[in-house]
Structure formats: C-alpha cells, structure tokens
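Enquirer:
In the numbering used here, the protein residues as written are 1 to 117.
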C-alpha cells in the first residue's frame, strides 16, 4: 500500500503517492507545512512530482495552492518530473502557462491571483 505524503528533499520536497479529491487536502496541508519552513526570499524551491500517482483534476488545485504559499514568502516553485497523465490534463484543461520545470510564481500571476482556494 502506498502512503500519500510529502517527502523533504535537499532543494524542496517530493509528492509521493496518490493525489485525488479524497486526500488532496491532507497532502496540501503537509506541503504547506514544509513550505512554511523555507525562509522568505529563499529562491527556487523544487517540487518533484515523479512519485505522484493516480492524480486527478484536484492535483492542479494542489499545485496552485503551493504556488500561492511560496509567493507569500517571495519564493518561487519549480515543478519537476510530472507524470504523463498530469501533462495530458494540463493540455486538456488549457493550463499551458503551468510550465512544469519552470519557476511559476513570476509566470502565473494572472492565473493564481484569480483562483480561489
């Protein structure tokens, strides 16, 4: 059985396990606690998505929440190693500005400011 968790890494954290509507809030809280530990103006924080499984549309809410949390402390997120299904959903939902592997805080101001969490 896979444990759904946020695992700290040297430059950020890794999303491990299943992310879906029924557990996204718990995963979000874990990620926000870890993001809160980074000092203001730390720079780029890497979020590794390589171990993310069974993701659904709630994954985008999760990632945008992380972006908002990082921006509050003037930090930037870089999402790396997205699963193929997440990349497909990104295209299907028209979220092409959500550039995986590219710092997001400066690239998405109009998107995440208009999203209610």
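The beta-carbon is built from N, C-alpha and C at its ideal position, and this holds for glycine as well.
From the DSSP output, which residues share a beta bridge with residue 44?
Expert: Indexing the chain shown from 1 puts residue 44 at position 44. Looking at the DSSP assignment, residue 44 forms a beta bridge with 76.
Enquirer: So residue 38 is in the alpha helix (DSSP H); what residue range does that whole segment cover?
Expert: Position 38 of the chain shown, counted from the start, is the residue given in the question as residue 38. Residue 38 -> no alpha helix (DSSP H), and no H or E assigned at all.
Enquirer: Rounded to whole angstroms, what is the Cα-Cα separation between residue 39 and residue 26?
Expert: Within the chain shown, residue 39 is the residue found at index 39, counting from 1. Within the chain shown, residue 26 is the residue found at index 26, counting from 1. Cα to Cα, the separation comes out at about 23 Å.
Enquirer: Among 61, 91 and 80, which has the Cα closest to the Cα of residue 13?
Expert: Along the chain shown, read from residue 1 onward, the residue named residue 13 stands at position 13. Checked all of 61, 91 and 80; the closest Cα to residue 13 is 80.
Enquirer: Near residue 58, what residues of its chain come up, given a Cβ to Cβ distance below 8 Å and the 5 sequence neighbours on each side ignored?
Expert: Locating residue 58 in the chain shown gives position 58, counting from the first residue. Taken in chain order, the residues that qualify are 19, 20, 21 and 24.
Enquirer: Per the DSSP calculation, residue 52 is bridged to which residue(s)?
Expert: Residue numbering aside, residue 52 sits at position 52 when the chain shown is read from its first letter. Answer by DSSP bridge pairing, in chain order: 17.
Enquirer: Taking all protein chains shown into account, decide if residue 84 is buried (16 or more other Cβ within 10 angstroms of its Cβ) or exposed.
Expert: Along the chain shown, read from residue 1 onward, the residue named residue 84 stands at position 84. Classification of residue 84: exposed, given that the 10 Å Cβ count is below 16.
Enquirer: When you compare only the Cα positions, how much space is there between residue 74 and residue 30?
Expert: Residue numbering aside, residue 74 sits at position 74 when the chain shown is read from its first letter. Residue numbering aside, residue 30 sits at position 30 when the chain shown is read from its first letter. Rounded to the nearest angstrom, the two C-alpha atoms are 20 Å apart.
Enquirer: Would residue 10 be called buried (16 or more neighbouring beta carbons within 10 Å of its own) or exposed?
Expert: Indexing the chain shown from 1 puts residue 10 at position 10. Burial call: exposed.
Enquirer: Can you tell me where the beta strand (DSSP E) with residue 83 in it begins and where it stops?
Expert: Locating residue 83 in the chain shown gives position 83, counting from the first residue. Counting along the chain, residue 83 falls outside any beta strand (DSSP E), and DSSP gives it neither H nor E.
Enquirer: Exposed or buried, what is residue 50 when buried is set at 16 or more other beta-carbons lying within 10 Å of its beta-carbon?
Expert: Here residue 50 corresponds to residue number 50 of the chain shown, with the count starting at 1. That one is exposed.
Enquirer: Suppose you measure from the CA of residue 92 to the CA of residue 63; what does that come to, to the nearest Å?
Expert: In the chain shown, counting from the first residue as 1, residue 92 sits at position 92. In the chain shown, counting from the first residue as 1, residue 63 sits at position 63. C-alpha separation (whole angstroms): 16 Å.
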